[in-house]
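Taking it in order: structure first as C-alpha cells, then the write-up.
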Amino acid sequence: MKLIKYSFILLAAGTMGVACNKQLDLENPQAIGNSLALSTDANVKQVLIGAYDGLSSGNLYGGNIQIFGDLMAATGEMNWTGTFNTYREVFGNSMLTTNPIILGMWTSGYNTINISNNVLGNLDKVNAADRNRVKGEALFIRGTVLLELTRFFGKAYTNGSPATNLGAIVKTSPTNGLSEVDFPARNTVAQCYTQIIADLTEAETLLPNKNGVFANKVAAATMLARTYLQMGDKFTEARDAANRGLTAATGNFTLVSSYGSAFNTPAYTSEDIFSIVVSDQDGTNNCHTFYSVPAFGGRDGDIEILSNHLDLYDPADARRNFFYFNTGAWRSGKWRDIYRNVKVIRLAELYLIRAECNQRLSTSVGDSPLNDVNRLRARAGVTALASATLNDILLERRLELAQEGFRVHDAKRLGLTVNGRPATDNRLVFPIPFREMNTNPNLVQNDGYQ
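In the working numbering, the protein residues as written are 14 to 463.
Written out as C-alpha cells, the structure reads:
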C-alpha cells in the first residue's frame, strides 16, 4: 500500500469537490460533517486510503505487530537490549496497563476499523464499477485488524472456551462524532472470530486477483487461512483457503529466486502479496528501527538474535546465512536497510499453511506437503527431504517466517512453552489499556491485570 498521509479526520475529505460562488457560502471547514466528507465517489475512495494509512501505522503493520509477535515469545532465541521499557515489558511478558505502545495498538486498530466502517457505510456513493473492490478492501482491512486485536488482547481460541473468553470489541458501524460515542462491552473470542471470518470471506469474493499495492484476493485468502489455522481445529478450512490463495496467485505472484532478495526492497517483489511501502518521504518501519543498527540507519540494534535460534538452521541454509554480525551481536537481515518495505504477507506463507494442513489431514489438495516444503528448502539451498513429518513442516515454518511476527501466535495454537511459561499463561495476553478501562465502564480487564 502506498503511504501518502491523508487526514484520518473524515471532515477533511469533504473539502474536495465543493465549490461555492460566494465567499459567504463557504462552510466552516471545522464544521463540515460526514454528509460532505463522504458525499462522492472520489471522497469515499480518499477515506479508504486513510484506512490503509491507519493500517500502516507503526502501532500496527508498520512494525509493532511483527515485533510483538516475536518478542513476546523470544524463549532464549532473541534478546531485547534497548532502553525502551515499553518494549522490554513485552519482551519480559510483564506488561503494565499504562504501557503506551499497547495503548497505541488498541487506539490505532479501532481508528482504522472506524475508517473502514465509514467506507462500508457509504458504498452507495462509489461508482458501480468499483463498488465491489472498494467494499472488499474495506472488509479486508476491518477483518485483518480485528484478527490482530483479538489475538493480542484475547486468549487464544484453543485456550479454554472461546464462547465465554473475552476477545476484542466487534465494531461494524461507524462513529461519526462525539454524539455517537458509545461504551461497548468486549465480545467473546468466538464472536470476534465469526466476524473476522465473515469479513475476510466476503472480501475474498469481491477482490481481484491482483490489485497493485492494495488488498487483493490472495491477501484475503491468506488472512482467512491464518484465522482458521489459529483456531486450532479448522485445518480443512485453512487448507482450502490457502489453496484458493495459491490458485489465485498463479500468473500473478511467484517466489523470488533467492531468499535474501525477498527482503529490504523499496518496491513490491513478485512474492509480496501485501506489504507496507516505505520511502524516505513517508511511511514507518519499526522493524528496521529496532532490529537494525546505526550503520544501516537503525537505532541501537535493540533486538539481538541468539545462538539458540541460529542453531536451528542447516549450516548451508541461505536463511541462516542471511543473519549478519554487527556491534557484537547477530542481527536479522530481514530488516537491515532503511526505507524498505514492511512485509505483511509473502507467498511462502501460503505454501506452509497448505503443507501443514494437508499433512494433518493426510491429503494432498493442490500439492503434496513434501513438495510444498521442498519448494522452500530448494530456494534456501538445503537438501530436499525424502519424506516430511508434521515436525519437519513446523520447523520449516519457524525458519522461513522468523522475525515476521508469527512466533507467539504459533506457540499459542501449538501449546508450546513460551519463556518458561505454558502457552495459556495470562502474561501472554495484552492488558486492556488503563485509559480505555477508565473511560469505558463496560470493559472487563484481562485475567492477571486487575
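The C-beta atom is built at its ideal place from N, Cα and C for all residues, glycine as well.
By the 10 Å Cβ neighbour count, where 16 or more other Cβ atoms means buried, how is residue i classified, buried or exposed?
{"i": "E193", "result": "exposed"}
{"i": "G190", "result": "exposed"}
{"i": "G258", "result": "buried"}
{"i": "T263", "result": "exposed"}
{"i": "D385", "result": "buried"}
{"i": "G311", "result": "buried"}
{"i": "T402", "result": "exposed"}
{"i": "F196", "result": "exposed"}
{"i": "L37", "result": "Unreliable positioning characterises L37 in this predicted model, as indicated by a pLDDT of 45, which lies under 50. The coordinate reading is nonetheless provided below. Classification for L37: exposed."}
{"i": "P328", "result": "exposed"}
{"i": "I80", "result": "buried"}
{"i": "Q43", "result": "With a pLDDT of 47 at Q43, under the threshold of 50, the modelled position of that residue is not reliable, and the figure given next carries that caveat. By the neighbour-count rule (16 or more Cβ atoms within 10 Å), Q43 is not buried but exposed."}
{"i": "V457", "result": "exposed"}
{"i": "A275", "result": "buried"}
{"i": "N451", "result": "exposed"}
{"i": "I445", "result": "buried"}
{"i": "S288", "result": "buried"}
{"i": "Y304", "result": "buried"}
{"i": "T340", "result": "exposed"}
{"i": "P382", "result": "buried"}
{"i": "Q416", "result": "buried"}
{"i": "P435", "result": "exposed"}
{"i": "A391", "result": "exposed"}
{"i": "T111", "result": "exposed"}
{"i": "N140", "result": "exposed"}
For residue i, collect the residues of the same chain with a Cβ closer than 6 Å to its Cβ; drop the 5 residues on either side in sequence, then sort them by chain order.
{"i": "F165", "result": "F443"}
{"i": "I154", "result": "A64, L68, S129"}
{"i": "N34", "result": "Note that N34 has pLDDT 38, beneath the 50 cutoff, so the model's placement of it is unreliable and no number is given."}
{"i": "Q215", "result": "According to the sequence shown, residue 215 is Glu rather than Gln. Answer for E215: L152, listed in chain order."}
{"i": "E369", "result": "I406"}
{"i": "N439", "result": "D460, G461"}
{"i": "E161", "result": "I78"}
{"i": "S292", "result": "Y352"}
{"i": "G156", "result": "I209, D212, L213"}
{"i": "G117", "result": "N72"}
Using DSSP's beta-bridge definition, name the partner residues of residue i.
{"i": "M91", "result": "I318"}
{"i": "I358", "result": "F287"}
{"i": "F338", "result": "W343"}
{"i": "T437", "result": "Answer by DSSP bridge pairing: none, since T437 is not bridged."}
{"i": "L412", "result": "None; L412 has no bridge partner."}
{"i": "T201", "result": "L179"}
{"i": "V431", "result": "R434"}
{"i": "N224", "result": "V226"}
Kindly list the residues whose CB is nearer than 8 Å to the CB of residue i, restricted to its own chain and excluding five residues on each side of it in sequence; keep chain order.
{"i": "R388", "result": "L268, Y364"}
{"i": "I114", "result": "N72, N77, T99, Y100, V103"}
{"i": "K18", "result": "Any answer about K18 is weak, because its pLDDT of 40 lies below 50 and its placement is not dependable; what the coordinates show is given next. So the qualifying residues of the chain are D66, D295."}
{"i": "P454", "result": "F196"}
{"i": "S270", "result": "R392"}
{"i": "T249", "result": "C370, L374"}
For residue i, which option in the options has the closest C-alpha, if you only look at C-alpha atoms?
{"i": "V355", "options": "V386, N277, N371", "result": "N277"}
{"i": "H322", "options": "R434, F335, P435", "result": "F335"}
{"i": "F6", "options": "G314, K230, L407", "result": "With the chain represented from 14 up to 463, any question about residue 6 goes unanswered, as that position is not in the structure."}
{"i": "G3", "options": "R252, F419, M91", "result": "Residue 3 lies beyond the residue range present for the chain, which begins at 14 and ends at 463; the question has no answer from this structure."}
{"i": "A361", "options": "T340, R353, A393", "result": "A393"}
{"i": "K47", "options": "R434, E317, T188, N200", "result": "Note that residue 47 corresponds to Asn in the displayed sequence, not to Lys. Checked all of R434, E317, T188, N200; the closest Cα to N47 is T188."}
{"i": "W93", "options": "E250, I316, N404, L383", "result": "I316"}
{"i": "P175", "options": "A203, T185, S186, A198", "result": "A203"}
{"i": "A142", "options": "S70, V290, N256, D54", "result": "D54"}
{"i": "A342", "options": "E90, S70, G75, L49", "result": "E90"}
{"i": "L427", "options": "D246, L49, Q463, G75", "result": "D246"}
{"i": "I366", "options": "D350, R349, P279, D423", "result": "D423"}
Can you find the residues in the same chain that come closer than 7 Å, C-beta to C-beta, to residue i, ignoring five residues on each side of it along the sequence?
{"i": "N135", "result": "L51, V57"}
{"i": "Y326", "result": "R332, R333, L412"}
{"i": "F266", "result": "V231, S283, E284, I286, L360"}
{"i": "E449", "result": "W119, L456"}
{"i": "C205", "result": "L159, T163, G167, G180, A181, V183"}
{"i": "N145", "result": "L219"}
{"i": "M108", "result": "E102, I115, F443, P444"}
Pull up the CB-CB distance for residue i and residue j, whole angstroms please, since I reckon it's below 8 Å.
{"i": "V226", "j": "V132", "result": "The Cβ separation is near 17 Å, so there is no contact."}
{"i": "T490", "j": "L213", "result": "Nothing can be reported for residue 490: it is not among the residues displayed for the chain, which extend from 14 to 463."}
{"i": "L319", "j": "N106", "result": "The pair is not a contact, with the Cβ atoms about 17 Å apart (cut-off 8 Å)."}
{"i": "L237", "j": "A254", "result": "4 Å"}
{"i": "G167", "j": "G180", "result": "3 Å"}
{"i": "M85", "j": "Y170", "result": "Actually they do not touch by this definition, with Cβ atoms about 17 Å apart."}
{"i": "G82", "j": "R420", "result": "6 Å"}
{"i": "G418", "j": "G346", "result": "Actually they do not touch by this definition, with Cβ atoms about 16 Å apart."}
{"i": "V172", "j": "T437", "result": "It should be noted that the sequence gives Asn, not Val, for residue 172. Correct: roughly 5 Å between the Cβ atoms."}
{"i": "S186", "j": "S121", "result": "Not a contact, Cβ separation roughly 19 Å."}
{"i": "N404", "j": "T88", "result": "The Cβ separation is near 17 Å, so there is no contact."}
Please indicate yes or no: does the CB of residue i lie closer than 7 Å to some heavy atom of the ligand HEM?
{"i": "A55", "result": "The model on display carries no ligand, and the ligand HEM is accordingly not part of it."}
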